[in-house]
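Take a look at the structure below.
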Amino acid sequence: MDFSPTDDQRMIADSFARVFEGGGGQAELDELGLLLAAHPEATGGFGAGVADLVPALVECGRAATQAPVIGAAFLPGLALTRAGIWAEGPACLDPEAEVRIDDDRLTGVLPVVPGADVADRLVMCLPDDRLAVVPLSVAEVVPFALVDGRGAAEVRLDGARATITDTVPGLTGAIQDSAVTLYAAEALGALYAIREMTQAYLKERRQFGRPLGSFQALQHAMVDLYHDIEHFQSLVHLAARCCDGPDVAMRLRSVSALKRYLGGRMRRAAASAIQMHGGIGVTEEYALGRYVKRVIVADLLNGSADDHGARLARLIAEETRAADRAAPADDLKENVA
Amino acid sequence: MELFYSDADLAFRDEVRSYLDDALPEDISGTFFGYGRHSWHQMIRWHKILADKGWVAPNWPEDHGGTGWSPMQQYIFDSEAMMAGAPRLRPFGLKMIGPVLIRFGSEAQKKRFLPRILSADDYWCQGFSEPGAGSDLAALKTRAVWDGDAYVVNGQKTWTTTAQHADWMFTLVRTDPDAERPQQGISMLLIPLDSPGVTVRPIITIDGDHHVNEVFLEDVRVPADLLVGEENRGWTYAKYLLGNERVSIANVGQSKAELALLKRLAANRKRGNVALIDDPVFGMKLADLEADFLAQEVTNLRMLSQVRPGQDVGALSSFLKLRGSEIQQRIQELAMEATGALAAPWREADRPRTDDYGMHGWLNSRAFTIFGGSSEVMKNIVAKQILGF
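Chains as they are written, first to last, in this note's numbering: chain A, 1 to 337; chain B, 1001 to 1389.
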């Protein structure tokens, strides 16, 4: 099994990395057309799928970029491509919009929409697998910064007239899972940075006359962190391929495992990195915090780790029952003697 | 992981499935699906069936009786066999001393031992640990002194798994007590367990079973042709062997099968009025285990795909063993929880199999994070060799 990037994936990722190395951000990415990576080729994009975007997002995470790469570029790009509609101008997306729909008029408050501070249009996945698009000029937009510095906004719709697509079977679930996976891929890049910083710090920082990395307690904490990130990396690649593939059960399984991991082991890994640094790790000035916050934002958006744990548990129960029907059943026993 | 199977892999999987369907005896698969544990005799029967098919040593080079399968094919075979309820073959001959002899043994040793490992005519055990040399294996004291025509071996080995069934023991002995570093004075000898001076005594473990033994060696004479490789180079061979052992302990295929069995158990137990598998608290524990297993499965495949046959897996094996052993323990832990109070009685003969499921497994699994190198030692190795501390 080989998850190394294809030439095309590497090319996109390298372009992102070069922009960030040169201190660039949204303007430079936009100029090079990189924010259109997930858009159809006919409209100047690369037609990239979720797995194609992973290496680029890892670069975004490593750079902790403030550019709204997921919220106002990749995610709406994937959704619009899938729904087969496209129009000029930057869009943002809410994968789980809770709105009231009266014909083509939408009413509701979307409290946290990443990228809505810079977009012209808002794309919403509706529960019935339709896509709704409204110009943000007809909405009330209250911009703010997320904890990791990226822009977002609260969007208030009061009978806003939307363009609503026909039903695209499976659309909403697929985009929601893609959203989880894209943010997780970016968190993976941030976690690489966290790992490298912590490893380097343990080697150079001395206390009690010796490097921190010579203490076994810290070595073992670092091994746990290393191990968790390797496992998370495997789940990111697995989920990304499942988002692009036709096997829905496997997508649900891998994406929920990923989100559960992100909100569990990865949140703890980020916290452990701060702990291993000591006091410097809790200062605003030190770069570690930027990466930690990026991990936390990915954890908080698009459904909680508990939501996904519960979803995974339901899937396991359904699959087990289906497999069990094919096999002779045990006696159902009360679990109390 | 079928997502990653090529068309050739899918065809191979179908071939393996139809073979298992025909060849795996029903009493053996029935033991597994009846929540029982395979006996040593069932394991040997299955070993011999696989040997007839030529599939018993997928990890060996083809010219020594291996299958020439890719890492993915080995994984497919292993997980299909485990999911079908086959016993896990013991690693001592196939995964431990076999590969060492292939890489470091003499031509005569290869000719003499390898075919009999494949056929299970010889059964092997591992003489490494001693009462004073556990995690600190290089502190071993069993002495071998050259005496004209043979080594004379004196000492004591312990935790020797299935020595009660074994014909041979590959044994680490100290041949140079004055070497600068303790690792430098160690050799590897192949000792027939019917030699005069060998005494095997059972150690009963916490689960009440007889898996392991003490082996006493008193003036045991071992001829020169039973020395592996060169004298005082035994530590090198042992490290190579331990790498293979640790990868085999990580055993994703077995975890996959046991996890599926655990789910079936949970679907057939009740908590209050609902099946245990629908209980939200138990369900969340299962979900976390599933997530960790999935991550381990993909990580193992990702990493082992990069290892060439016969290549020293080094610190990677410590890395894979750490999580693999923990996942197996957690499967047993949830199986014990699922069985609940019915797992508590210590019944020997009269118990229905399902009623003590989990408890013995949980107790037995405590050893998984200890044998083959404790988790703490695995972390030391990863810290030093992968992280550079």
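Glycine included, C-beta positions come from ideal geometry on N, C-alpha and C.
Just so we're clear, the structure is a prediction, and the values are computed from it rather than from any experiment.
Amino acids of chain A, ordered along the chain, whose beta-carbon sits closer than 9 angstroms to that of residue i
i	result
I1277/B	A313, I316, A317, T320, R321
S1072/B	According to the sequence as given, residue 1072/B is Met; it is not Ser. Here the neighbours are M1.
F1319/B	V223, Y226, H227, E230
G1283/B	G309, A310, L312, A313, R314, I316, A317
Backbone CA spacing between residue i and residue j [nearest angstrom]
i	j	result
E21/A	L1137/B	49 angstroms
V292/A	M266/A	10 angstroms
P5/A	L1010/B	24 angstroms
V133/A	G77/A	13 angstroms
E1015/B	G1085/B	17 angstroms
L80/A	K1270/B	46 angstroms
W1055/B	D1021/B	15 angstroms
G1098/B	T1171/B	14 angstroms
E1245/B	G1373/B	10 angstroms
S1375/B	K1239/B	16 angstroms
L136/A	S1255/B	51 angstroms
A193/A	Y1151/B	55 angstroms
Q26/A	R100/A	33 angstroms
R1143/B	V1173/B	6 angstroms
D331/A	S1029/B	Any reading at D331/A is ruled out, since the residue's pLDDT is 48, under 50, leaving its predicted position unreliable.
L1262/B	A1335/B	6 angstroms
R10/A	N1364/B	47 angstroms
L1190/B	E1107/B	15 angstroms
G45/A	L1294/B	33 angstroms
A1051/B	H1041/B	15 angstroms
G1197/B	F3/A	54 angstroms
V1153/B	Q1109/B	20 angstroms
D1207/B	D247/A	42 angstroms
K1321/B	L315/A	28 angstroms
P95/A	L126/A	8 angstroms
A329/A	N1268/B	Bear in mind that a pLDDT of 49 at A329/A, under 50, signals an unreliable position, so the number given afterwards is only what the model happens to contain. The straight-line gap from Cα to Cα measures roughly 7 angstroms.
Q1328/B	W1362/B	9 angstroms
Per-residue contacts from residue i into chain A (C-beta, under 8 angstroms)
i	result
D1288/B	R260, G264, G309
A1267/B	A317, T320, R321, D324
P1410/B	The structure shown does not extend to residue 1410/B, since chain B spans only 1001 to 1389, so no value can be given for it.
Under 8 angstroms from the C-beta of residue i: neighbouring residues of chain B
i	result
F3/A	R1302
L235/A	A1291, L1294, A1295, V1298
Y226/A	V1382, I1386, L1387
Chain A residues whose Cβ lies nearer than 7 angstroms to that of residue i
i	result
K1263/B	I316, T320
F1004/B	M1
S1305/B	M1, D2
L1322/B	H227
G1036/B	Simply none; closest approach about 13 angstroms.
Contact list for residue i against chain B, beta-carbon separation under 9 angstroms
i	result
Q219/A	K1379, N1380, V1382, A1383, K1384, L1387, F1389
A185/A	Ordered by position in chain B, no residue passes the 9 angstroms Cβ test against A185/A, which lies about 15 angstroms from the chain.
Residue i: contacting residues in chain B (beta-carbon distance under 7 angstroms)
i	result
A17/A	Near A17/A there are no residues of chain B at all, since even the closest Cβ is about 23 angstroms away, more than 7 angstroms.
Practice item. State whether the region 1147-1164 of chain B contacts the region 1202-1212 of chain B, with contact taken as three or more CB pairs (one from each stretch) at a distance under 8 angstroms. Key: Segment contact: the region 1147-1164 of chain B against the region 1202-1212 of chain B, three or more CB-CB distances shorter than 8 angstroms; contact assigned.
Review point. Where are the alpha helix (DSSP H) runs, 4 residues long or more, that stay fully inside the region 19-77 of chain A, in chain order?
Key: Within the region 19-77 of chain A, the runs of alpha helix (DSSP H) that reach at least 4 residues and sit entirely inside it are, in chain order, 26-31, 50-63.
Practice item. Pull out every residue of the region 1195-1210 of chain B whose Cβ sits closer than 9 angstroms to any Cβ of chain A, in chain order. Key: Considering only beta carbons, no part of the region 1195-1210 of chain B lies closer than 9 angstroms to chain A.
Review point. Using a Cβ cut-off of 9 angstroms, which residues of the region 189-214 of chain A contact any Cβ in chain C, in chain order?
Key: No chain C is part of this structure, whose protein chains are labelled A and B.
Point to revise | Every unbroken beta strand (DSSP E) within the region 1165-1197 of chain B, with a cutoff of 3 residues, ordered by chain | key: As for any beta strand (DSSP E) of minimum length 3 sitting wholly inside the region 1165-1197 of chain B, the runs are 1168-1174, 1186-1192, ordered along the chain.
Review point. So does the region 179-191 of chain A actually touch the region 289-306 of chain A, counting three or more Cβ pairs closer than 8 angstroms?
Key: Touching, yes.
Check your understanding: Does the pairing of the region 1194-1203 of chain B with the region 1092-1112 of chain B give three or more beta-carbon distances under 8 angstroms?
Key -> No, the region 1194-1203 of chain B does not touch the region 1092-1112 of chain B.
Exercise for review: With 9 angstroms as the C-beta to C-beta threshold (strictly closer), list the residues of the region 241-254 of chain A near chain B in chain order.
Suggested key: Hits within the stretch, in order: R241, C242, G245, D247, M250, R253, S254.
**Study point:** Contained beta strand (DSSP E) runs [length at least 3] in the region 167-204 of chain A, N- to C-terminal order
**Key:** Every candidate beta strand (DSSP E) stretch fails here, since none sits fully inside the region 167-204 of chain A while reaching 3 residues.
Practice item. Could you list the residues in the region 268-292 of chain A with a C-beta less than 9 angstroms from some C-beta on chain B, going in chain order? Key: If you check each beta-carbon in the region 268-292 of chain A against every beta-carbon of chain B, none falls closer than 9 angstroms.
Review point. Are the region 214-223 of chain A and the region 88-96 of chain A in contact at 8 angstroms, needing three or more beta carbon pairs?
Key: Output reads no: the region 88-96 of chain A does not touch the region 214-223 of chain A.
Review point. Counting pairs of Cβ atoms below 8 angstroms between the region 1287-1294 of chain B and the region 1216-1232 of chain B, do you hit three or more?
Key: Pairwise C-beta distances place the region 1287-1294 of chain B out of contact with the region 1216-1232 of chain B, as fewer than three of them are shorter than 8 angstroms.
Check your understanding: Is it true that the region 266-276 of chain A meets the region 234-244 of chain A, where meeting means three or more beta-carbon pairs spaced less than 8 angstroms apart?
Key -> At 8 angstroms Cβ cutoff, the stretches do not touch.
Review point. At what residue ranges does the region 255-287 of chain A contain a whole run of the alpha helix (DSSP H), taking only runs of 4 or more?
Key: Correct list: 267-277.
Check your understanding: How about the region 148-164 of chain A and the region 108-125 of chain A: do they share at least three Cβ pairs that are nearer than 8 angstroms?
Key -> Yes, they touch.
**Study point:** 4-residue-minimum alpha helix (DSSP H) runs that sit fully inside the region 1025-1064 of chain B, ordered along the chain
**Key:** Runs of alpha helix (DSSP H) with 4 or more residues, each lying fully within the region 1025-1064 of chain B, are found at 1026-1033, 1040-1053, listed in chain order.
Review point. Is the number of C-beta pairs between the region 1293-1305 of chain B and the region 1338-1348 of chain B that are closer than 8 angstroms three or more?
Key: A contact is defined here as three or more CB-CB pairs under 8 angstroms, and the region 1293-1305 of chain B fails this definition with respect to the region 1338-1348 of chain B.
Practice item. Could you name each continuous alpha helix (DSSP H) segment of 4 residues or more that falls completely within the region 1218-1260 of chain B, going from the start of the chain to the end? Key: Complete alpha helix (DSSP H) runs here, min 4: 1234-1250.
Exercise for review: Pick out the complete alpha helix (DSSP H) segments inside the region 1287-1320 of chain B, 4 residues or longer, and give them in chain order.
Suggested key: DSSP runs (the alpha helix (DSSP H)) wholly in the region 1287-1320 of chain B: none.
Review point. Are three or more beta carbon pairs between the region 196-212 of chain A and the region 167-175 of chain A nearer than 8 angstroms?
Key: By the C-beta criterion, the region 196-212 of chain A is judged not to be in contact with the region 167-175 of chain A, since fewer than 3 inter-stretch pairs fall below 8 angstroms.
**Study point:** At least 3 beta-carbon pairs within less than 8 angstroms: the region 1061-1072 of chain B vs the region 1088-1097 of chain B
**Key:** The region 1061-1072 of chain B vs the region 1088-1097 of chain B: no contact.
**Study point:** Whole beta strand (DSSP E) elements within the region 1074-1135 of chain B, 3-residue minimum
**Key:** Taken in chain order, the complete beta strand (DSSP E) segments of 3 or more residues contained in the region 1074-1135 of chain B are 1124-1127.
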